[in-house]
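Colleague: For reference, the structure I am asking about is given below.
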Amino acid sequence: MNEDTIHDVIMVGAGPSALAAAVYTTREDIETILFEKGAIGGLAAITDQVDNYPGFAEGVAGLKLAEQLEKQAERFGAKIELGSVDKIEDHGEYKLLHTSDGPFKAKAVLIATGSDYKKMNVPGEEEYYGRGVHYCATCDGAFYRDKRLAVVGGGNSAVQEAIFLTRFTSHIDLLVRSTIRASDVLKKELQRMVDEGKITVHLATTVDEIVAVDKKVTHVAVHQDGQPVNVEVDGVFVFIGLSPNTAFLEGSGVELDELGLIKTDIELHTSVRGIFASGDVRSGATMQIASAVGEGATAALKIREYLEQPKE
Ligand code: NDP
């Protein structure tokens, strides 16, 4: 490919948000290239079963959903490159992307690199991911009706999601490494759940291992005040923070929030003209596939408007 070619739009990431955006841009004859350094379909592709994506009454395997999104984008001409974007420079009318395949220029860029859930990195966590170990209560909470769960974390996310999960579970053990760091409002609500016997809080508790018998999670091995203890559960939800994939934006001028997520305006434009962001990497994202897809469609329409604007 000629290094001087200025492409219409380059999308960084090929998860649901970028793939949805690519369906919209390519259908309107906007030349579109996507760069993906991991799995096409992002986190969705490695999710066992997606039960809350509209249009699939019986749910859909994450991999199947990802494959369909990819096929749909490619049907209209999206080109997916397997490689990384390591740096972006703003040159006004075009953006220069330093990629593992060399330099690429584009009039507009969509960043849809997503966020990863922080992991505890303990035995059993990766092995039972999606089958007893989860990172999204809205997605997977309903699988635990009348079951016992452990929730790991002591920040706003863990407390809020533990409270949410009580609508399904028979009981929750909240495993907190040091102390509760949630807001006063959430602490009060948590106390109400503790008083009602729905949640038990374990402070100064570190997780050593998630243990399963015949591939079914049975308990979490923890150390509580230095003593080994087994907490019997049917599943574990981990909420210990997010890790947005934005390191490559250093020096690009794209503004991030205090968590490293990309700030956008209502039109999904970042602080740099011509660079847009959508999906789980965006500050304020809801971390849902349906929202990521919706934002992708919005970003594509805004990119079209941007490309049609006369340039000074
Ligand atoms: P936080 O960084 O606020 O909290 C992380 C929690 O996870 C802490 O309790 C921390 O423990 C614990 N933790 C970190 N690493 C490990 C580990 N390896 N093993 C066990 N525990 C660990 O992350 P959140 O995701 O809760 O929140 C992210 C941001 O989003 C925050 O700014 C939060 O305020 C915001 N938020 C706000 C909400 C609201 O206002 N309703 C709802 C959800 C999020 P330790 O204290 O020991 O480090």
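In the numbering used here, the protein residues as written are 33 to 344.
Yeah, the Cβ is synthetic: ideal placement off N, Cα and C, and Gly gets one too.
(1) Could you check if residue 274 belongs to the surroundings of the ligand NDP, using beta carbon to heavy atom distance under 7 Å?
(2) In the DSSP output, which residue or residues are listed as bridge partners for residue 43?
(3) Does the distance between the C-beta of residue 150 and the nearest non-hydrogen atom of the ligand NDP fall short of 7 Å?
(4) Buried or exposed: which applies to residue 48, given that a residue is buried once 16 or more other Cβ atoms fall within 10 Å of its Cβ?
(5) If you run the structure through DSSP and keep just helix, strand and coil, what is residue 200?
(6) Measure the CB-CB distance between residue 110 and residue 145 and report whether it falls below 8 Å.
(7) Since residue 304 and residue 286 are thought to touch, with beta carbons under 8 Å apart, how far apart are those beta carbons, to the nearest angstrom?
(8) Less than 8 Å between C-beta atoms, sequence neighbours within five positions excluded: which residues of the same chain meet that for residue 86?
(9) Note down the Cα distance separating residue 211 from residue 270, rounded to an integer number of angstroms.
(10) Can we count residue 147 as close to the ligand NDP, meaning its CB is less than 7 Å from some heavy atom?
(11) Is it buried or exposed, residue 301, if we count other Cβ atoms within 10 angstroms and call 16 or more buried?
(12) For residue 193, which residues in the same chain have their Cβ closer than 6 Å to its Cβ, ignoring the five residues on either side in sequence?
(13) May I ask you to report which of helix, strand or coil DSSP gives residue 238?
(14) Nearest to residue 93 by CA position, among 103, 99, 82 and 101, is which residue?
(15) Report the option in 88, 40, 186 and 99 whose CA atom is closest to the CA atom of residue 136.
(16) Where does the unbroken alpha helix (DSSP H) through residue 118 begin, and where does it stop?
(17) Is there contact here, the region 215-222 with the region 239-247, by at least three beta-carbon pairs under 8 Å?
(18) Specify, as a first and last residue, the run of the beta strand (DSSP E) that residue 180 falls within.
(19) First and last residue of the alpha helix (DSSP H) that includes residue 61?
(20) Which same chain residues end up closer than 6 Å to residue 116 when comparing Cβ atoms and leaving out the 5 residues on each side of it in sequence?
(21) Do you know whose CA, among 127, 107 and 51, lies nearest residue 284's CA?
(22) In terms of residues, what are the limits of the beta strand (DSSP E) holding residue 320?
(23) For residue 357, verify whether its CB is less than 7 Å away from any heavy atom of the ligand NDP.
(24) How about residue 101 and residue 71: do their beta carbons lie closer than 8 Å?
(25) Do you know offhand how far residue 45's Cα is from residue 260's?
Modeller: According to the data block:
(1) Looking up residue 274 in the sequence shown gives position 242. Yes, the ligand NDP has a heavy atom inside 7 Å of this Cβ.
(2) Walking along the sequence shown from the start, residue 43 turns up at place 11. Paired residues: 66 and 142.
(3) As a working mapping, residue 150 is identified with position 118 in the sequence shown. Yes, the ligand NDP has a heavy atom inside 7 Å of this Cβ.
(4) Taking the first residue of the sequence shown as position 1, residue 48 is located at position 16. Burial call: buried.
(5) To locate residue 200, count along the sequence shown from 1; it is residue 168. Coil.
(6) Locating residue 110 in the sequence shown gives position 78, where the first residue counts as 1. Locating residue 145 in the sequence shown gives position 113, where the first residue counts as 1. No, Cβ-Cβ distance for residue 110 and residue 145 is not below 8 Å.
(7) On the sequence shown, residue 304 is found 272 positions in, with the first residue counted as 1. On the sequence shown, residue 286 is found 254 positions in, with the first residue counted as 1. Rounded, the Cβ-Cβ distance is 5 Å, consistent with contact.
(8) One-based indexing of the sequence shown puts residue 86 at position 54. Excluding positions up to five away in sequence, the list reads 322.
(9) Taking the sequence shown and counting its residues from 1, the one referred to as residue 211 is at position 179. Taking the sequence shown and counting its residues from 1, the one referred to as residue 270 is at position 238. Distance between the alpha carbons of residue 211 and residue 270 is about 16 Å.
(10) For the purposes of this step, residue 147 is identified with residue 115 of the sequence shown, where counting begins at 1. It does not: the Cβ of residue 147 is nowhere closer than 7 Å to a heavy atom of the ligand NDP.
(11) Residue 301 sits at position 269 when you count from the first residue of the sequence shown. By the 10 Å Cβ count, residue 301 comes out buried.
(12) Indexing the sequence shown from 1 puts residue 193 at position 161. These residues qualify, in order along the chain: 169 and 271.
(13) Here residue 238 refers to the residue found at position 206 when the sequence shown is read from its first residue. Reduced to three states, the DSSP call for residue 238 is strand.
(14) Within the sequence shown, residue 93 is the residue found at index 61, counting from 1. Ranking the options by Cα distance to residue 93, first place goes to 82.
(15) Translated into the one-based positions of the sequence shown, residue 136 becomes position 104. Checking every option, the nearest Cα to that of residue 136 belongs to 40.
(16) Counted from its first residue, the sequence shown places residue 118 at position 86. Careful: residue 118 lies outside any alpha helix (DSSP H), inside the beta strand (DSSP E) at 117-123.
(17) no
(18) As a first step, residue 180 is located in the sequence shown; it is residue number 148 there, counting from the start. Where residue 180 is concerned, the enclosing beta strand (DSSP E) stretches over 180-184.
(19) As a working note, residue 61 is residue 29 in the sequence shown. Element bounds for residue 61: n/a, residue is neither H nor E.
(20) Working through the sequence shown from its first residue, we reach residue 116 at position 84. Taken in chain order, the residues that qualify are 69 and 132.
(21) Here the question's residue 284 lines up with position 252 in the sequence shown. Answer by Cα proximity: 127.
(22) Along the sequence shown, read from residue 1 onward, the residue named residue 320 stands at position 288. Premise fails: residue 320 is in no beta strand (DSSP E) and is neither H nor E.
(23) Here the chain comprises residues numbered 33 to 344, so residue 357 is not present and cannot be evaluated.
(24) Locating residue 101 in the sequence shown gives position 69, where the first residue counts as 1. Locating residue 71 in the sequence shown gives position 39, where the first residue counts as 1. No; because the gap between Cβ atoms is not below 8 Å, this pair is not in contact.
(25) As a working mapping, residue 45 is identified with position 13 in the sequence shown. As a working mapping, residue 260 is identified with position 228 in the sequence shown. Computed Cα separation, rounded: 42 Å.
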